[in-house]
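Enquirer:
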Amino acid sequence: MLLTRIKGPRDLDRLSQEELTQLAAEIRSFLVDAVSKTGGHLGPNLGVVELTIALHRVFESPKDKVLFDTGHQAYVHKLLTGRQDFAGLRTKNGLSGYPSRAESEHDVIENSHASTVLGWADGLAKANEVLGREDHHVAAVIGDGALTGGMAWEALNNIAAAKDRPLVIVVNDNERSYGPTIGGLANHLATLRTTDGYERFLARGKELLERTPVVGKPLFETLHGAKKGLKDFIAPQGMFEDLGLKYIGPIDGHDLEALESALQRAKRFSGPVIVHCLTQKGRGYTPALEHEADRFHAVGVIHPDTGLPVKTAAASWTSVFADEMVKIGHEREDIVGITAAMLHPVGLNKFAEAFPDRIYDVGIAEQHGATSAAGLATGGVHPVFAVYATFLNRAFDQVLMDVALHKCGVTFVLDRAGVTGDDGASHNGMWDMSILQVVPGLRLAAPRDAEQLRAQLREAVEVKDAPTVVRFSKGVVGPAVPAVGRIGGMDLLRTPAPEVTRPDVLLVSVGALAPMCLEIADLLDKQGISTTVVDPRWVKPVDEALAPLADRHRVVVTVEDNGRTGGVGAAVSQALRDAGVDVPLRDFGIPQRFLDHALRKEIMAEIGLTAPDIARQVTGLVAKLDGRYDSEPAATVD
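Using numbering that gives the first Met the number 0, you'd call the opening residue of the sequence shown number 0 and step up by one each time.
1) Should Asp431 and Arg470 be called a contact, given that it needs their Cβ atoms to be closer than 8 Å?
2) With H, G and I counted as helix, E and B as strand and the rest as coil, what does DSSP make of Asp524?
3) Hey, Thr338 and Asp360: beta-carbon distance below 8 Å or not?
4) So for Ser111, helix, strand or coil by DSSP?
5) Drop a sphere of 10 angstroms on the beta-carbon of Arg89, count the other beta-carbons inside from all chains shown, and report buried for 16 or more, exposed for fewer.
6) Might you give, ordered along the chain, the residues of its own chain that have their beta carbon closer than 7 Å to the beta carbon of Ala265, omitting 5 neighbours on each side?
7) Could you name each continuous beta strand (DSSP E) segment of 3 residues or more that falls completely within the segment 24–89, going from the start of the chain to the end?
8) When the Cα atoms are used, what is the spatial distance from Thr193 to Ala445?
9) Could you check what DSSP says for Val361 in three-state terms: helix, strand or coil?
10) Report yes or no: do the segment 547–555 and the segment 497–512 share at least 3 C-beta pairs separated by less than 8 Å?
11) Here's a check: name, in chain order, each residue in its chain whose Cβ is nearer than 6 Å to the Cβ of Gly81, leaving out the five neighbours to either side.
12) Please classify Val460: does DSSP put it in a helix, a strand, or coil?
13) If you run the structure through DSSP and keep just helix, strand and coil, what is Val582?
14) Once you ignore the five residues that flank Val75 on each side, which residues in its own chain have a CB closer than 7 Å to its CB?
15) Quick one, which of Ile606, Lys91, Thr557 and Gln279 has its alpha-carbon nearest Gly423's?
16) Taking the DSSP output, what are the residues bridged to Lys539?
17) Taking Ile613 as the reference, which of Arg585, His596 and Ala154 has the closest Cα?
18) Say whether chain D places a C-beta atom closer than 8 Å to the C-beta of Ala101.
19) Count Cβ pairs between the segment 435–443 and the segment 476–484 that sit closer than 8 Å; are there 3 or more?
20) Looking at the unbroken beta strand (DSSP E) that takes in Met432, where does it start and where does it end?
21) State the CB to CB distance for the pair Ala546 and Ala574, rounded to an integer number of angstroms; the pair is presumed to be in contact (CB under 8 Å).
22) Sort out for me which residues DSSP pairs Lys245 with in a bridge.
23) Below 8 Å on the Cβ atoms is my contact criterion, and I expect Ser433 with Gly562 to pass it. Report the Cβ-Cβ distance as a whole number of Å.
24) Do Trp316 and Leu512 have their C-beta atoms within less than 8 Å of each other?
25) With DSSP as the reference, label Ser95 as helix, strand or coil.
26) Going by DSSP in three states, Met489 sits in which element: helix, strand or coil?
27) Run through DSSP, which three-state label would Leu130 get?
28) If you draw a straight line from the C-alpha of Val34 to the C-alpha of Gly374, how long is it?
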């Protein structure tokens, strides 16, 4: 196999065009075989095989910087830079699903939050200029989906301002982000895709005119000088050239010779250049090409021959939300949905099918989505903006200053909240309950099971004068966790025996961690420690009934699937102080650090967010209050 002979990019230099074509076929076979065993981003990588080969033949990584936006399309890049062991892809101690500086000097940026690569490229190109590195180049690959993000256009505005600063921007245009790319830019690229007459016209004109005696050559030069007007008429790529960006394309993204020629021309140019490449997501794999929803953008473990999942998926948090949204939509005509290029991943596809005139895909533009939601709310409807928890970070200012300041009734539904695991540091939804704590008036719900998700979603969309947030985990929804009582707006999940006058521990359980918190209570009970378990349901604002309840316990413990700094534990602690309740509090959550990719259960064990770990520490705390030891280790919890 040719692939096994590729240890680094320069090994590509020795291959003929025929061998490069063979290598591309081998890479596609490798990807289907490897990713079907582990899961991962299959479709996007099948589409960039020839493009990545051409990039590494033209540019000299790592001296030249080759960047990808988003980084999930970098599997081929990994293969060509010496990383061909995909057995542990996206698992602990295995390859990351994104570029990783820890893995290779060829990886510059992790970049799994879209639309940032052009900002990086602008800075790297400026650094080359400042340091006089004329033999260094920057090539930034950005998908047409990522190009819908506002940050990409902010960067283009700056890049175009420097006419003599070399920078190659490769637009990987496959007409899709997850699903088909939406918006005005997508329409413009579609026009460029389907209008190839200009170059043919000019080439044919040159051939004819140069054969015309005397006047032919001057006339062609005049014609060529009028190129801008002709391009606007025949192929409207003028949008890019109006910005001051040289445009090359469209190029067949699966024609290696054409790609190399275009990239070589762009590399030699002394200013910013856009190379527009047309690729096919899922190329070479029939099940992906026939999957209309997202062309196998991301898959679990599948049968490589059929593309069908190996295991039947159980009901997920996302599917519960999806079904309830449709029910609410039938009941209320004022409910609309918003997605940022992730209609299927966040579960709004069913709502879109039922109410096609009440769904808005804003592209990869969470900031715009939040402000547009504020406008929708002000206009008299109630928008539900469904987004991954980690991506809401990008729209914080809009949530604060556009939605909350104006008291707009907007519901944000945060999917993949908490530790998500295999996509790594950038995708763990561990920031939302911290950053949203500072937003005045905002109300935040953390459902513990499917029944509560349905109920709290309905409660959220009833709020008309403030933003509401409903957050839930990735994956399968757990069993129902029934309440045994209610105090204020909080559900009691467990109470001590009636004869216990002052229980030892008030355990505040946040969201989907309720089953684990009940397990902690069982372990504490075996140590003779009485425990009340309460689910606040709405964790912001802190329920007024919590402080007096805490005052009737010796210790308060909070457990949340969120960063500890500024999270629910911190909010509860402040509420107790404000109420004058002087009870020891211990908060358990995610440490404020970037967590490497691994299975969720492995990460939870690594950070000590498991029932035995927490019970052990709480046992030690209660023992210390009892004066049973001063410095000895805490009692062991089996």
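Built from N, CA and C at the ideal position, the CB exists for glycine as well.
All values derive from a computational prediction rather than experimental measurement.
Expert: Reading from the atomic positions:
1) yes
2) helix
3) yes
4) coil
5) buried
6) Val167, Ile247, Val272 and Val274
7) Listed in chain order, the complete beta strand (DSSP E) runs (minimum 3 residues) inside the segment 24–89 are 64–68.
8) Because Thr193 carries a pLDDT of 45, less than 50, the predicted location of this residue cannot be relied on, and no value is offered for it.
9) coil
10) yes
11) Lys6 and Gly7
12) helix
13) coil
14) Once the five neighbours on either side are set aside, the close Cβ partners of Val75 are Ile26, Asn44, Val47, Val48 and Thr51.
15) Lys91
16) Leu443
17) Measuring from the Cα of Ile613, the nearest candidate turns out to be Arg585.
18) No chain D is present in this structure, which holds just one protein chain.
19) no
20) It is not in any beta strand (DSSP E) - Met432 instead sits in the alpha helix (DSSP H) that spans Asp431 to Ile434.
21) 6 Å
22) Val272
23) 5 Å between Cβ atoms; contact.
24) No, they are not a contact pair.
25) Coil, per DSSP.
26) strand
27) coil
28) 42 Å
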